[in-house]
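Each residue of the sequence shown is one higher than the last, beginning at 67 in this note's numbering. The C-beta atom is built at its ideal place from N, Cα and C for all residues, glycine as well. None of these values were measured; they are calculated from a predicted model.
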Amino acid sequence: MAAANNAPATKPAKAKKHKKVDSRGVAHVKASFNNTLVCITTGRGEVISRGSAGTVGFKGTRKSTPFAAQRAAEQAASLALRQGMREVEVRVKGAGSGRESAVRALSNSGLKVISIEDVTPLPHNGCRARKKRRV
Numbered sequence: 067m068a069a070a071n072n073a074p075a076t077k078p079a080k081a082k083k084h085k086k087v088d089s090r091g092v093a094h095v096k097a098s099f100n101n102t103l104v105c106i107t108t109g110r111g112e113v114i115s116r117g118s119a120g121t122v123g124f125k126g127t128r129k130s131t132p133f134a135a136q137r138a139a140e141q142a143a144s145l146a147l148r149q150g151m152r153e154v155e156v157r158v159k160g161a162g163s164g165r166e167s168a169v170r171a172l173s174n175s176g177l178k179v180i181s182i183e184d185v186t187p188l189p190h191n192g193c194r195a196r197k198k199r200r201v
């Protein structure tokens, strides 16, 4: 009975183990009008690191600025570099103000940008318009 009381109540926190990944991956940048999300994955789509303007510490309208997008991309890139990633293909989605600054920050942080592709979804004809208003 006394041995059970000597056990610590909580386990000590383990440091996160960084799994070594391939040197080439894909950086997904989603630039909306309210935020910028950067997610770096392997070629198969497994997430290595991610960053957003909100997690970096920006709130409100400052999340949608190019500087916030730059900081988010730097955070994601530094985590990916620590795990062994060296080259990325960048896929940009959305029409926000942080598109170019996020891509520039990825290349300046030490990752070699192989290609930049715009994957913004575009409607070919879109949804059916609602009926005309009669007054």
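Residue i in three-state terms, based on DSSP
| i | result |
| --- | --- |
| residue 169 | helix |
| residue 153 | strand |
| residue 121 | helix |
| residue 126 | helix |
| residue 103 | strand |
| residue 134 | helix |
| residue 203 | The chain is shown only over 67 to 201; residue 203 falls outside these bounds and no answer can be derived. |
| residue 90 | strand |
Rounded distance between the beta-carbons of residue j and residue i, thought under 8 Å
| i | j | result |
| --- | --- | --- |
| residue 183 | residue 155 | 7 Å |
Buried versus exposed call for residue i [16 or more other C-beta atoms within 10 Å across all chains shown]
| i | result |
| --- | --- |
| residue 129 | buried |
| residue 76 | exposed |
| residue 137 | buried |
| residue 192 | exposed |
| residue 122 | buried |
| residue 185 | exposed |
| residue 117 | buried |
| residue 181 | exposed |
Rounded separation between residue i and residue j - CA only
| i | j | result |
| --- | --- | --- |
| residue 86 | residue 172 | 20 Å |
| residue 126 | residue 101 | 9 Å |
| residue 150 | residue 142 | 13 Å |
| residue 94 | residue 103 | 8 Å |
| residue 170 | residue 162 | 15 Å |
| residue 178 | residue 187 | 26 Å |
Selection from the options that minimises the alpha carbon distance to residue i
| i | options | result |
| --- | --- | --- |
| residue 88 | 98, 97, 95 and 107 | 107 |
| residue 99 | 159, 176 and 200 | 159 |
| residue 110 | 179, 116, 96 and 90 | 90 |
| residue 139 | 152, 164, 190 and 153 | 164 |
| residue 131 | 97, 145, 153 and 201 | 97 |
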